[in-house]
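Worksheet: the structure to be examined is printed underneath.
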Amino acid sequence: MSAAPMAPARASRRGPIDPRLLQRARATRGYLILGVLVGCATAGLTIVQAWALAHALGDIFETQQLGSLAWAVPLLAAVFGAKGLLAWWNQWLAHRTAAAVKSTLRRDIMAARLARPIDSSVSSASLITLITQGLDALDGYFSKYLPQLMLALTVPAIITVAILIADPTSALIVVVTLPLIPIFMALVGWTTEARMRKRWRIQTRLANHFADLVLGLPTLQVFGRATAQAEGLRRSEAAHRRETMGTLRISFLSAMVLELLATLSVAIVAVAMGFRVVFYEVDLITAFFVLILAPEAYLPVRQVGVHYHDAADGVAAAEAAFAVIDPPVDPDAAPASNTPDGAMTAEPGPSERALLSVRDLEHTYPGAASPALQQVSFEVTAGHIVALTGPSGGGKTTLLNALIGFLKPTSGGIWVEGRPLHGLDQDAWRAGIAYVGQHPGMITGTVGDNVRLGDPEAGEAAVRSALDRAGGPELSPWQRVGDGGEGLSAGERRRVAVARALLRIDTGRARLLLLDEPTAGLDAAAEATLLGSLRGSGTTAVVVSHRPAVLAAADRVIEVGR
Amino acid sequence: MSATMSGRRRLTWLAGLQPGSIAHGWGATGLAFGASAASVALMGVAAWLLSRAAEHPPVLYLQVAAVGVRFFGISRGVLRYVERLVGHSLALRMQSALRLETYRRLANTTLLGTRRGDLLTRVIADVEAVQDLVVRVVVPAVSASLVIVATTALLGVFSPGSAAVLLISAAVAGGLVPWWAQRASLRADADAVPTRGRLASAVDELSRTAPDLVAYGAASIHLGRMAAIDDELRLGEARSAWIRGLATGAQVLAAGVAVLAALLIGGPQVASGSLPPVMLAVLVLTPLALHEVLSTLTLAAQTATRAHSALDRVQEVVLAEPIGSGDLPASPDPPARPRVSVRDASIGWPGGPTLLDDLTLEVGPGEAVAITGPSGVGKTTLAATILGLIPAQSGIVEVTGRIGYLAQDAHIFATSLAENVKIGNKDASAADVVDALTRAGLSLDPARVVGELGATLSGGEARRVALARLLVGQYQVFVLDEPTEHLDADTAAALLDDIWATASSTPMLVLTHDPEVIRRCHRVVRLTAD
């Protein structure tokens, strides 16, 4: 976050407000409307303030009498008080909005994560960082940048109208110069963009050198090379500094244009006004009124520039959130055409007797060069145990994930009793599945809590029996399970997950059992117990395994990836 | 030195890292002062110009003021531009100096097995806070304070009373209120820390167990639990929202108080003849231009808190006492019979508790000894001791021959594959590198750029690069740390085949809990916690 002073022109890519923020986070819309109102009120108060000050000053100057103070001082006190309260209220509103928007995004992020259960592209650690710290960049965006942006949209226009009514000549200067600011800034940015981007790339490469070396320190130390790298770091730092300064010389130009135009315009208005006052063309009160208002017309525009970093950080945080919520679609990815439903193709329709029919199923992960699962077809008869075997990386787990509906295969299809799987209600389909993944997830709580995922209403005895049948008689349902399954070995986690699946079968709702290497961490005795309970349950099962005992117990063995 | 030091001591410490930075800093502050003062002076001189013009003197009398107004109008933008360049140049120099210092200190303390991976990641980001400290805290705050003092002094010549009110209101709005508001919001942030922790755990659990929760239809229940924590956090943030805008409101009020005071004190002065009428507008309108200067101070206060807490974390790391030798000491020329000999040794971190007692262990050529035991028993500490990175607490640890370490998480640097291999031996020729890569079972182009900049290597390939480092350096004793961790069974078996083939006569110590690895070793030493 503190890298912001060097942030490239990220915010300009999408404009100042990400439209997805407006769609997703409704609080943003309400805030923007209120922001416009606050801007109008601020402008109005500023005009009253300038009017009262100009009259008081003009009166005292010309008459040397204090009569005007009697009404001007209370009025000004009220105006300053109201402006102060308005500024405070605006900030309060902005922070509340930021809190609401962050909350909406946090929920959307996690809902999106659960909608793609096997998507591991965003690690748990980076999700935590995004949700707890990353989104906090929106605080600055909402409390500093957006309020200024709303002021910049309203205040200059209203104030310019006030100047126009008081003194059209001065208004002309403001009207001509104010729009020049964004035009010149865009021009400077546009002419230097290509050069900036090239320099930015070099800079990023140099900047990463430090991170790379620090993270590699333990490795360097065991080869006795850590101290020697300090000299290389010093050189790369010096190069980094030169490159960065080169970029900054250009990128600060647009800020200078802004400052120059804004202050010089005020100076021109003031000087012109001075000479017109001498020649009786304008009275002093009008002159003061314009002098007080002119800087106020430019101030919000300049302040937007001041809060550029907050804007860039906020937009980056929102983008990181939306990258998880609506992941970018890979243009190279094959279309998810999970549609051959028999009626469309000339092939004979899948058997209605088979519980599952898998036809020409193939899946390629987005961005991957070759398919993870190559064409496979088979049928599963109700009550049978089907074993999937084959080399590592052959697509067995991918196939299992397609069966439970975690992924949409890129071609081919799956039918359940003759009906296409993708047409079924996914929740209802999963309610009839007992599942044990390759790396079973453990919730924080007790072993019993974890087993009861299979049947929340299960009693003490049912949990005990499920654990026994899963080859875990030594596991106590009361044993604590920490974060990330802490306290249980890999084999124990697997047994808990199998018990979970058996409990679901006990409820009588499970029609299909999907097991990924269920006996990998088990010894021969536990394996035999488990296979026995599988047979006994009479449930249809699809089991990924290499173990001879499992293959021998299966009704059918299907080679995947050969 | 304590990790949290006062702002002044921290600046002295940082300035000490970069010679000339104090003069450089004053240069930037002077320019920033010029830029801010220009906008205040513009308003003051313009107010005088209009008032004087209303007395209708010959135009000649107005020329100087007119030139002054135009000068301040131009100089503000130009000075700000130069100031930003000078300030950023200093900030970058300070950042480089702090990075170098951090690197040097870290390089001199043994990092192996200290589980400080997350700490290193944090330090990398935290070091950048020094930029904020220079550009967005020290330079703006000092220059803004100077502008306020200078403005007060000048106006004080004409109206001491209104100047005093101006100084007080600026001190309250620019110093006291931002400071108080910042402390109050820090307290609110601290109150939210436990809730944030619970939110992080909930996110972690949801993310790790997503397939199981979805498969068992429990996703919405768990999402609901997270939402409940999220509600707590949102309500807490909303409750403390009122504090955070306080400084902004105070600024507006302070400017108002100063303007009104100037009107109430300066007006009667004009009426009584003790203040020239042309000065009244100057007195009243100049405080309006100070508004921007005050907002600089508020921003500086907000950034200061963040920058200081980041630098606290950096100093905690940088100023910690170094442990062990840092770099592995270079070993002498190759002896005839490499071996490891540990006799009655106690193992533990220097100054820490003893993890292993009375350990005796002999590994000769052609022997592979597996070291197993529950996690936390001290396997990696034993490795660090045998490598010579930290001393044994007592007893004898003798290693003859160059000893090399194959880490489970060996870092792949963002450079060519060849450079990565040459970490093992900086003098290796291109042919040596190709030979080592081939023996390590990698048929990749040595010129290929890998790491963060280039293609990512698979877990198996990365471990083979680490093996190639050991081979190119002609290491004679291997310490392998969980060589199969995070690899799938087939990849792990292929890697083990290759390691055992290339290191058939090398004494090997293998820290592992993988039964497949243990099976391949000649002996097993089971460590148990005392």
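Protein sequences, first through last, are from chains Y and B.
The first sequence begins at 1 in the numbering used here and counts up one residue at a time.
The second sequence begins at 1001 in the numbering used here and counts up one residue at a time.
Positions of the beta carbon are idealized from the N, C-alpha and C atoms, including for glycine.
Exclusion of the five residues before and after I1265(B) leaves S1159, G1161, S1162 as the residues of its chain whose Cβ lies within less than 7 Å of its Cβ.
At a C-beta separation below 7 Å, S1039(B) has these neighbours in chain Y: T263.
Taking all protein chains shown into account, P1350(B) has fewer than 16 neighbouring C-beta atoms within 10 Å of its C-beta and is therefore exposed.
For R1080(B), the closest Cβ of chain Y is nearer than 8 Å. In the three-state DSSP reduction, W1349(B) falls in the coil class, being neither helix nor strand. DSSP, read as helix, strand or coil, puts P473(Y) in coil. Against chain B, a Cβ distance below 7 Å from W88(Y) picks out G1245, L1246, T1248, G1249. With a threshold of 8 Å between beta carbons, S1051(B) makes contact with chain Y. DSSP, reduced to helix, strand and coil, places D1357(B) within a strand of the structure shown. Per DSSP, the beta bridge partners of G413(Y) are R359(Y). For the segment 176-188 of chain Y, the beta-carbon criterion of a distance under 7 Å to any beta-carbon of chain B is satisfied by none of its residues.
For the segment 1497-1512 of chain B, no residue has a beta-carbon sitting nearer than 7 Å to a beta-carbon of chain Y. Judged by beta-carbon spacing, L503(Y) lies within the 8 Å limit of A466(Y), meaning their Cβ atoms are closer than that value. About 5 Å separates the beta carbons of G1267(B) and I60(Y), which is inside the 8 Å limit, making them a contact pair. The beta carbon of E1419(B) sits closer than 8 Å to the beta carbons of F1413 from its chain, once the five residues preceding and following it are set aside; these are given in chain order. Between L138(Y) and A318(Y) a beta carbon distance of about 7 Å is seen, short of the 8 Å cut, so the two are scored as contacting. Between D326(Y) and chain B, the shortest Cβ-Cβ separation is not below 8 Å. With respect to chain B, the C-beta atom of D427(Y) has a partner C-beta closer than 8 Å.
Put simply, the CB of V1433(B) is far from chain Y, with every gap to its CB atoms at 8 Å or more.
Residue contact check for S1207(B) against chain Y: a CB pair falls below 8 Å.
With 16 or more other Cβ atoms from the protein chains shown falling within 10 Å of its own Cβ, K102(Y) counts as buried. Assignment of D1204(B) by DSSP, reduced to helix, strand and coil, places it in the helix class. Following the DSSP letters along the chain, one finds I159(Y) inside the alpha helix (DSSP H) bounded by residues 146-166. Against chain Y, a Cβ distance below 9 Å from M1226(B) picks out R106, R107, M110. The DSSP assignment places complete alpha helix (DSSP H) segments of no fewer than 4 residues inside the segment 1246-1313 of chain B at 1246-1272, in order along the chain. With contact defined as three or more Cβ pairs closer than 8 Å, the segment 108-127 of chain Y and the segment 1199-1208 of chain B are in contact.
Judged by pairs of C-beta atoms under 8 Å, the segment 227-245 of chain Y touches the segment 195-203 of chain Y, as three or more such pairs exist. S1505(B) sits exposed, since fewer than 16 C-beta atoms from the chains shown fall within 10 Å of its C-beta. Counting along the chain, G1404(B) sits inside the beta strand (DSSP E) bounded by residues 1403-1406. By the criterion of a C-beta distance shorter than 6 Å, R359(Y) is surrounded in its chain by S377, G412, G413, once the five residues flanking it on both sides are discounted.
Distance from the CA of S537(Y) to the CA of I1518(B), rounded to the nearest whole angstrom, comes to 37 Å. Per DSSP, the unbroken beta strand (DSSP E) holding V1510(B) starts and ends at 1508-1511. Between the C-alpha atoms of A1466(B) and R1183(B) there is a straight-line separation of about 49 Å. When Cβ-Cβ separations below 8 Å define contact, T1286(B) makes no contact with chain Y. Close to chain Y, meaning a Cβ-Cβ distance shorter than 9 Å, is no residue of the segment 1176-1189 of chain B at all. Those residues of the segment 1085-1100 of chain B placed with their C-beta closer than 9 Å to a C-beta in chain Y are L1085, H1088, S1089, A1091, L1092, R1093, Q1095, S1096, A1097, R1099, L1100, ordered along the chain.
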